[in-house]
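Enquirer:
Protein chains: 2
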Amino acid sequence: MAEEVILLNFWPSMFGMRTMIALKEKEVKYEHREEDLINNKSALLLEMNPIYKKIPVLIHNGKPICESVIQVQYIDEIWSDKNPLLPKDPYQRAQALFWADFIDKKLYVCGRKTWATKGEEQEEAKKEFIGILKTLQSELGDKPYFGGDRFGFLDIVLIGFYSWFPAYQKFGNFSIEPECSKLMDWGKRCMERESVATSLPDPERVGGFILQLKKLYGIE
Amino acid sequence: MAEEVILLNFWPSMFGMRTMIALKEKEVKYEHREEDLINNKSALLLEMNPIYKKIPVLIHNGKPICESVIQVQYIDEIWSDKNPLLPKDPYQRAQALFWADFIDKKLYVCGRKTWATKGEEQEEAKKEFIGILKTLQSELGDKPYFGGDRFGFLDIVLIGFYSWFPAYQKFGNFSIEPECSKLMDWGKRCMERESVATSLPDPERVGGFILQLKKLYGIE
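Top to bottom, those sequences are chains A and B.
If you read the first sequence in the UniProt record's numbering, its first letter stands for residue 1, the second for the next number, and so on.
If you read the second sequence in the UniProt record's numbering, its first letter stands for residue 1, the second for the next number, and so on.
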């Protein structure tokens, strides 16, 4: 059967990056459609994700799958013949899902605060951000990737944020490296993979995007 | 191998109810340990869930699994020989996970507002609460259960809230039935299952618990 795979995406989204990387790891041919989230969401996006009206949306043979972590799991199940992403062992799998959930609950909101707030709130956010990364770094331990020797699910879930790190640091005026050098090494290691290098945007461009957002929301 | 299964729980938790129901559906013998979350968390809880220090925690042969939706998936994988809970089809599975995530993002926070806020905020919360239930009701459609003819994963994820409905209605002074009669019928249908009936607390007791919380937090 001819597969039709479409990804509705918006380039700075660390969530959309996950789905792109997973598709590339599986060597799935897909059509990338860039959405204009700020000015004009497409009719297709509204139809395919009526609940949240958000990207990324993966459309497989006309049927939508929403939420990036669910998309990565779906991709792993459908294209199971190549590069397994999630651990096979149920316990390891549960652990990987736990950490993916931890990242989704904590990192985006806290990361946003490092550039969208000021004064004490910003100081708190920076401290919390480093704390979250240290927790993740300790979960990584001495392994090259979160799942062990192979690049996989949890690497995919986290790596998109890496392209935002320089901008977080610049606008928050803080440095991740001193306390999280192992995690930064992991990021560099992931960037050596083609699937990652071709899915993450240039950090300079992310910085420019944050400047745009700051203007849009009137944050000085 | 002799299995050791322990559930750290707190009786009013709609999240803990999920794990109890899943274990009962699989006929897994387990030890239930009630936690005193308000006054005194056990050393075991702090050790087994150092990140959130929250129940429910499922401990299987000494190893912790946290987050109820992940626990239900884990239980379904480990005890796969009895009563499958999640859909086998990857697309149906992705949809079920999407709705579970929707419930977790929306229902608890909004439900809490129906009794913990006042005035306009409370009116808004009640309207939103009914809206969320109507969305879920429309996903249920004319099926007896969310997954079709068989009681399964998404029923387990949602049904715990059903034991809180009477208290939400009482303290919020509103009624769910008129707009959500099909969902209420679904709730009654689920309550006919032993796994559900023996895991959900008496709604009167939930009401008493909310009164306790209102006192504790100084909400009149």
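Ideal Cβ placement from N, Cα and C applies to all residues, glycine included.
As a quick exercise: from A:Met184, A:Ala43, A:Tyr145 and A:Gln73, pick the residue whose alpha carbon is nearest that of lysine 54 of chain A.
Expert: That would be A:Ala43, whose Cα lies nearest to the Cα of lysine 54 of chain A.
Enquirer: Could you tell me which chain B residues have their CB closer than 7 Å to the CB of proline 90 of chain A, listed as they occur along the chain?
Expert: Within chain B, the residues near proline 90 of chain A are Tyr74, Glu77 and Ile78.
Enquirer: Tell me whether glutamate 192 of chain B sits in a helix, a strand or coil according to DSSP, three-state version.
Expert: In this structure, glutamate 192 of chain B counts as coil in the three-state DSSP scheme.
Enquirer: Taking 8 Å as the threshold, find out whether the region 165–176 of chain A comes into contact with the region 201–215 of chain A through three or more Cβ pairs.
Expert: As far as the Cβ criterion goes, the region 165–176 of chain A touches the region 201–215 of chain A, which means the pair count is three or higher.
Enquirer: Alpha helix (DSSP H) containing lysine 215 of chain B: first to last residue?
Expert: Taken as a continuous stretch (DSSP letters only), the alpha helix (DSSP H) holding lysine 215 of chain B covers 203–216.
Enquirer: Can you tell which of B:Lys82, B:Ile75 and B:Asn83 has the C-alpha that lies nearest to the C-alpha of aspartate 89 of chain A?
Expert: Looking at the Cα atoms, B:Ile75 is the closest of the given residues.
Enquirer: Taking Cβ positions only, does isoleucine 59 of chain A come closer than 9 Å to chain B?
Expert: By this cut-off, isoleucine 59 of chain A is not an interface position.
Enquirer: Can you name the residues that DSSP bridges to lysine 63 of chain B?
Expert: Its beta-bridge partners are B:His60.
Enquirer: Got a sec: is the Cβ-Cβ distance from cysteine 110 of chain B to anything in chain A below 9 Å?
Expert: No, no contact with chain A.
Enquirer: What alpha helix (DSSP H) runs, 4 residues minimum, are completely inside the UniProt domain "GST C-terminal" (89–209) of chain B?
Expert: List check, alpha helix (DSSP H) in window: 90–116, 119–140, 153–162, 165–172, 181–191 and 194–197.
Enquirer: Could you tell me the alpha carbon to alpha carbon distance between alanine 125 of chain A and tyrosine 30 of chain B, rounded to whole angstroms?
Expert: Between alanine 125 of chain A and tyrosine 30 of chain B, the C-alpha separation is close to 41 Å.
Enquirer: Output yes or no for whether 9 Å exceeds the beta carbon distance between phenylalanine 153 of chain B and alanine 100 of chain B.
Expert: Yes. Within cutoff.
Enquirer: At 7 Å on the CB atoms, spell out the chain A contacts of isoleucine 66 of chain B, in chain order.
Expert: The residue you asked about is not isoleucine; residue 66 of chain B is cysteine in the sequence shown. Under the 7 Å cutoff, chain A gives Phe98.
Enquirer: Quick check on isoleucine 6 of chain A: does DSSP put it in helix, strand or coil?
Expert: Strand at isoleucine 6 of chain A.
Enquirer: Does DSSP put glutamate 35 of chain B in a helix, a strand or coil?
Expert: Looking at glutamate 35 of chain B - three-state DSSP - the assignment turns out to be coil, as it is neither helix nor strand.
Enquirer: Do you know offhand how far phenylalanine 10 of chain B's Cα is from isoleucine 219 of chain A's?
Expert: Spanning the two alpha carbons is a distance of roughly 43 Å.
Enquirer: Among residues of its own chain, excluding the 5 on either side of lysine 113 of chain B, which ones have a beta-carbon nearer than 6 Å to its beta-carbon?
Expert: Closer than 6 Å at Cβ, skipping near neighbours: Ala125.
Enquirer: Using beta carbons (cut-off 9 Å, strictly below), is aspartate 101 of chain B in contact with chain A?
Expert: Chain A contact via Cβ: present.
Enquirer: Of all the options A:Gly141, A:Ile132, A:Thr198 and A:Glu204, which has the alpha carbon lying nearest to the alpha carbon of alanine 22 of chain A?
Expert: Checked all of A:Gly141, A:Ile132, A:Thr198 and A:Glu204; the closest Cα to alanine 22 of chain A is A:Thr198.
Enquirer: For the alpha helix (DSSP H) that contains glutamate 27 of chain B, what are its first and last residues?
Expert: Here glutamate 27 of chain B belongs to no alpha helix (DSSP H), and DSSP marks it neither H nor E.
Enquirer: So, for glutamate 192 of chain A: in the same chain, excluding its five sequence neighbours on each side, which residues have a beta-carbon less than 6 Å away from its beta-carbon?
Expert: Nothing listed; no residue qualifies.
Enquirer: Smallest Cα separation from cysteine 66 of chain A: which of A:Leu7, A:Gly147, A:Gly141 and A:Lys26?
Expert: The residue with the shortest Cα to Cα distance from cysteine 66 of chain A is A:Leu7.
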